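In our numbering, the protein residues as written are 10 to 412. So the structure is just underneath, and the comments pick up after that.
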């Protein structure tokens, strides 16, 4: 029986750092950062779960942006001369709308910026707790969607020969994002370019990164990676699928009698969500050394998660890609031979399900696909988070069955 929806309340410690898919870069107006506090951030005095002992507020209200008349696609100027004039005007308008405080911040001498970074990196372990707005801000900066061009660009990976571009060079770069036939050219984007309409780079994840690396227990995990021991997980991530198939679980509702699962939406691994850092402070590697509650004496496939560029911290998409890559490897005959009879039976049954049943919207694998490491997991094929290993040498992978 369906109970009155008005009596349901959302679970209050649910992650709210997901990016708003409606948030985009509009070259006709300055970027407006996400609010640091939303309505749900202080609801019922909720506290944030993390691998540290600190607490963090939450948020759930969608960010809204103002629209002005004449913003539609039909009003875009297509002639090269007119487009250049419009972009030049956009620069003037954007800078004129920026406050003097913003201009002062952007125009700080390099030595001041470096001093601020050093001061941040030298802080003791009692760093500020990262808020949902902080996680989102890095994702927006790393993978902005340019609504004027209909493109998502890779802004975090530094160029081979980085240099500061002037307004005229930025204008020329923007013009090159579309070819003569309006074909997209996101490869022409110059990473880390400064423009008043672009999200600013968050200072919590500096380059170079902190050294020495913190212990796993001293890291604050991205809320999507925090292990929830009961109930649904924020990510619906079946290790038999691809990173592109990862979904976001909506917050469940506590009725007093049962949990009502929320709606699922795409995680968009290649968008701002996947480009959020996996930890704070950022680290150049994450080591997974075992599976939580695995009865086997030794985990035979420990692996290290690396960022896709050495100048970046490990990001969410790096974690998802590494998990899939590790468990899609085939098992060797020797690895199968060392399993107990009961575990062998579990592996064979998992293999039969994977090769005969539909998994999500994917077709079943070929019957002769061969045993893979994911079959070793049996029914526990869904990611539920990470926990620091007791010996401090890395993280334990937390898994569970499909909901």
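Think of the CB as a built atom: it goes at the ideal place given N, C-alpha and C, for glycine as much as any other residue. Computed from a predicted structure; not experimentally measured.
In this chain, the beta strand (DSSP E) harbouring residue 275 covers 273 to 275.
Within the stretch 360 to 404, complete beta strand (DSSP E) segments of at least 3 residues are found at 391 to 397, given in chain order. Here the C-alpha atom of residue 226 lies approximately 32 Å from the C-alpha atom of residue 356. Close CB contacts of residue 210 within its chain, under the 6 Å cut and outside five residues either way in sequence, are with 150 (chain order). According to the DSSP secondary-structure assignment, residue 286 is paired through a beta bridge with 324.
Separation of the CB atoms of residue 233 and residue 244 is rounded to 5 Å, and the pair is thereby assigned contact status at 8 Å. Here residue 409 has 242, 389, 391 and 393 as same chain residues with Cβ atoms under 8 Å from its own Cβ, once five neighbours each way along the sequence are excluded.
Residue 195 sits in a helix when the DSSP states are folded into three classes. In the structure shown, residue 256 adopts extended strand secondary structure according to DSSP, grouped into three states. The DSSP-derived three-state label of residue 38 is coil.
In the displayed model, residue 251 falls within coil according to three-state DSSP, outside both helix and strand.
As the crow flies, the alpha-carbon of residue 306 is around 37 Å from that of residue 27. Counted as a single uninterrupted DSSP element, the beta strand (DSSP E) harbouring residue 295 occupies residues 295 to 300. A distance below 8 Å between beta-carbons, with the five flanking residues on each side excluded, links residue 208 to the following residues of its chain, in chain order: 34, 40, 42, 146, 149, 150 and 153. Listed as beta-bridge partners of residue 407 by DSSP are 394. From the listed residues 246, 319 and 333, the smallest Cα separation to residue 273 is found for 246. In chain order, 298, 299 and 300 place their CB closer than 7 Å to the CB of residue 308, counting only its own chain and leaving out the 5 sequence neighbours on each side. Counting the other Cβ atoms within 10 Å of the Cβ of residue 204 gives 16 or more, which makes it buried. When rounded, the separation of the alpha-carbon atoms in residue 325 and residue 237 is 17 Å.
Comparing C-alpha distances from residue 329 to each of 195, 316, 320 and 341 shows the shortest one belongs to 316. Note on geometry: alpha-carbon atoms of residue 162 and residue 197 lie some 9 Å from one another.
For residue 173, same chain residues with a beta-carbon under 8 Å away, outside a window of 5 residues either side, are 203 in chain order. Under DSSP, residue 312 shares a beta bridge with 297. Contact between residue 336 and residue 381 holds: CB atoms are separated by about 7 Å, below the 8 Å threshold. Per DSSP, reduced to three states, the secondary structure at residue 292 is coil, with no helix or strand assignment. If you draw a straight line from the Cα of residue 292 to the Cα of residue 216, it comes to about 11 Å.
Nearest in C-alpha terms to residue 334, of all of 312, 318 and 323, is 312.
DSSP places residue 148 inside the alpha helix (DSSP H), whose first and last residues are 141 to 151. Following the DSSP letters along the chain, one finds residue 227 in no alpha helix (DSSP H), marked with neither H nor E. Beta-bridge partners of residue 161 (DSSP): 154.
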